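Take a look at the structure below.
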Amino acid sequence: MKTLRLFKFVPAALTMSLVLTKAGFAQTPQIQINQNLQPDPLILNGQSGGSVKSNCGNITAAPNQVIQVTESLPYLRLTVESKGQPTLLIDGPGGRFCVLADSYSGGKLELSGYWQPGKYLLFVGDLSQQQHSYTLSISQQKK
């Protein structure tokens, strides 16, 4: 009798889990970026790391940030500053790639260059398997 109740409960629990997971993706902040980024730099804050192991450190299941690039950008720079060993996993139109901080950067990593139009999922991870506050700076200004 108890087994029969369990079979009724498990499908309902799985359904709710899938609904809540989709709701989590829908709540990921999304920013549209074009040639006239305002303010520049755009500063975002969050929590690095997560429980999902990837080839780019520990990340969360949902992206920390979603960027929609609406037109070709000849130059865009992303900078992440955090304690620990931060990583930046970017999943976009050009593929999926990982940016790591080196031993000289002091917890700061940077990626700059040409960005094609499309949706970019950003995951701020951590190699140390811990979570830390991070600051993400998005800019079109060259140093």
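Heads up: the sequence shown begins at 84 in my numbering, then just goes up one per residue. Cβ coordinates follow ideal geometry from the N, Cα and C atoms, glycine included. What you are looking at is a predicted structure, and each value in this text was computed from that prediction instead of being measured.
Mapping DSSP to helix, strand and coil, what is GLU193? The answer is strand: DSSP assigns GLU193 an E or B state.
Taking Cβ to Cβ, would you say GLY167 is nearer than 9 Å to ASP123? No, the Cβ-Cβ distance between GLY167 and ASP123 is not below 9 Å.
C-beta atoms of SER195 and LEU125 nearer than 9 Å: No, they are not a contact pair.
Close beta carbons around HIS215, own chain, < 8 Å, minus the five adjacent residues each side: The beta carbon of HIS215 sits closer than 8 Å to those of GLN130, SER131, GLY132, SER165, LYS166, GLY167, PRO169 and ASP209, all from its chain and outside the five residues before and after it, given in chain order.
What's the call for ALA184, buried or exposed, on a 16-neighbour Cβ count within 10 Å? Classification of ALA184: buried, given that the 10 Å Cβ count is 16 or more.
Answer yes or no: do ASN147 and VAL207 have a C-beta to C-beta separation smaller than 9 Å? For ASN147 and VAL207, yes; Cβs fall inside 9 Å.
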